[in-house]
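Student: The numbering of the sequence shown is full-length UniProt numbering, which starts it at 1 and goes up by one. Ideal Cβ placement from N, Cα and C applies to all residues, glycine included.
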Amino acid sequence: EEPITTKGAPGEAVSYFVYLGSKISKSGGSEEDITARSKKAWQAFTILWPVWKSTAISTRTKLRLFSSN
Numbered sequence: 001e002e003p004i005t006t007k008g009a010p011g012e013a014v015s016y017f018v019y020l021g022s023k024i025s026k027s028g029g030s031e032e033d034i035t036a037r038s039k040k041a042w043q044a045f046t047i048l049w050p051v052w053k054s055t056a057i058s059t060r061t062k063l064r065l066f067s068s069n
C-alpha cells in the first residue's frame, strides 16, 4: 500500500474518518456509520423529550416539528 500524500507529506493513518457525514472505516464496513447515525438520532430525540412530553404543545405542532427534518 502506498501512503496518501499531500504536497509531498504523508497523511496520518487512522482507523476511520468522516466524509460527507458518513463514517468510513478502515475495513470499508458500514456498521460504525450506522451506529454513529443511530446515536445522533437518539441524542436529538432525547434533547426534544420535554417537547414530546409537554401537554402545553399540541400534537399537530409536535408532528410538524417531527416532520421538519
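Taking the alpha-carbon of V14 as reference, which of G21, T6, K26 has the nearest alpha-carbon?
Tutor: By one-based count along the sequence shown, residue 14 stands at place 14. Answer by Cα proximity: K26.
Student: Return the Cβ separation of K23 and A36 in integer angstroms, given the expectation that the two are a contact with Cβ distance under 8 angstroms.
Tutor: By 1-based counting over the sequence shown, the position of residue 23 is 23. By 1-based counting over the sequence shown, the position of residue 36 is 36. Yes, K23 and A36 are in contact; Cβ-Cβ is about 5 angstroms, under 8 angstroms.
Student: Going by C-alpha to C-alpha distance, which of A56, S58, V18, K62 sits closest to L48?
Tutor: Taking the first residue of the sequence shown as position 1, residue 48 is located at position 48. It is K62.
Student: Tell me, please, which residues DSSP counts as bridged to K23.
Tutor: In the sequence shown, the residue the question calls residue 23 occupies position 23. DSSP, once it has assigned bridges, lists V18 as partnering K23.
Student: Can you give, in chain order, each stretch of the alpha helix (DSSP H) that sits fully within the segment 31-67 and has at least 4 residues?
Tutor: The qualifying runs are 31-47, 49-53, 59-67.
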